[in-house]
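Let me begin by presenting the structure, written as structure tokens, before commenting on it.
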Amino acid sequence: MIDLSGKTALVTAAAHGIGRASVLALAQAGAHVIATDIDEDALEGLSGASVETARLDVLDPAAIDGMADRMARADILFNCAGVVHSGTLLEASDDDLDFAYALNIKAMTRMIRACLPGMIDRREGAIINMASVASSVKGVPNRFVYGVTKAAVIGLTKAVAADYVGMGVRCNAICPGTVDTPSLNARLAAQGDYEETRAAFVARQPIGRLGQAEEIADLVVYLAGATYTTGQIHNIDGGWSI
13 MIDLSGKTAL VTAAAHGIGR ASVLALAQAG AHVIATDIDE DALEGLSGAS VETARLDVLD
73 PAAIDGMADR MARADILFNC AGVVHSGTLL EASDDDLDFA YALNIKAMTR MIRACLPGMI
133 DRREGAIINM ASVASSVKGV PNRFVYGVTK AAVIGLTKAV AADYVGMGVR CNAICPGTVD
193 TPSLNARLAA QGDYEETRAA FVARQPIGRL GQAEEIADLV VYLAGATYTT GQIHNIDGGW
253 SI
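Numbering (my numbering), first residue to last: 13 to 254.
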């Protein structure tokens, strides 16, 4: 069992889905968790003895710097915030690309930049980035913008891991398949026929079901405490990438 007692974890996009499940799992493992999101109302239900909440817009560089200044330390950083775009290259606008790059890549980079100096000083830190199987791992139809930016997350992860492996800082990426979250359900509903679209998503999972946020959170906890693992891409996709 992973014991994170005495560690402080910072989680982005913590109000819903995988982020929320990860906050609860990290706290259960003994960490003090700072749960951040732009949805302050949803964050309120997470507050407790081991969890403090704070509004953070990861698209705002000044807000990230301010959060880093207010924190005593961050031993674990889970970069969970991101956006999913649908469509092919010919359907992708420059605005789509710019927004996805800003949220899926630049925001992660800035969060790492803000937390990294303290990790280096303590010669210990765990950075966990949310990537996806839809990336350099697997080409997925109608996910051009998403696949490109999540492939970049993998490159970001490996670059950070290589630069700081000798300084006690580990950096790994999680590549989920299709996970049953509020975000997914909203996208399914937007397709028109929710039940038909959901059934199609389930049908493409070799394991026969969608993933659960708690299953991804278990991997977050593992990577937070896996002191001999860095620069790795962890697929957790029910066999989709086999």
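Glycine is no exception: its CB is placed at the ideal position from the N, C-alpha and C atoms.
query	result
Buried or exposed, going by whether 16 or more other CB atoms sit within 10 Å of the CB of P188?	buried
List the endpoints of the continuous beta strand (DSSP E) containing T20.	T20 to V23
Count the other C-beta atoms from every protein chain shown that fall within 10 angstroms of the C-beta of G31, then say buried if there are 16 or more, exposed otherwise.	buried
Please state the DSSP three-state secondary structure of V272.	Any answer about residue 272 is impossible in this case: the structure gives the chain only from 13 up to 254.
Any idea if R260 is buried or exposed, counting beta-carbon neighbours within 10 angstroms, 16 or more meaning buried?	The requested residue 260 is not part of the displayed model; the chain covers only 13 to 254.
To the nearest angstrom, how far is it from the Cα of I14 to the Cα of A33?	16 Å
List the residues that DSSP assigns as beta-bridge partners of V181.	G137
Going by DSSP in three states, P188 sits in which element: helix, strand or coil?	strand
For V232, which of helix, strand or coil comes out of DSSP?	helix
Can you name, in chain order, every residue of its own chain whose Cβ lies under 7 Å from the Cβ of D175, other than the five neighbours on each side?	none
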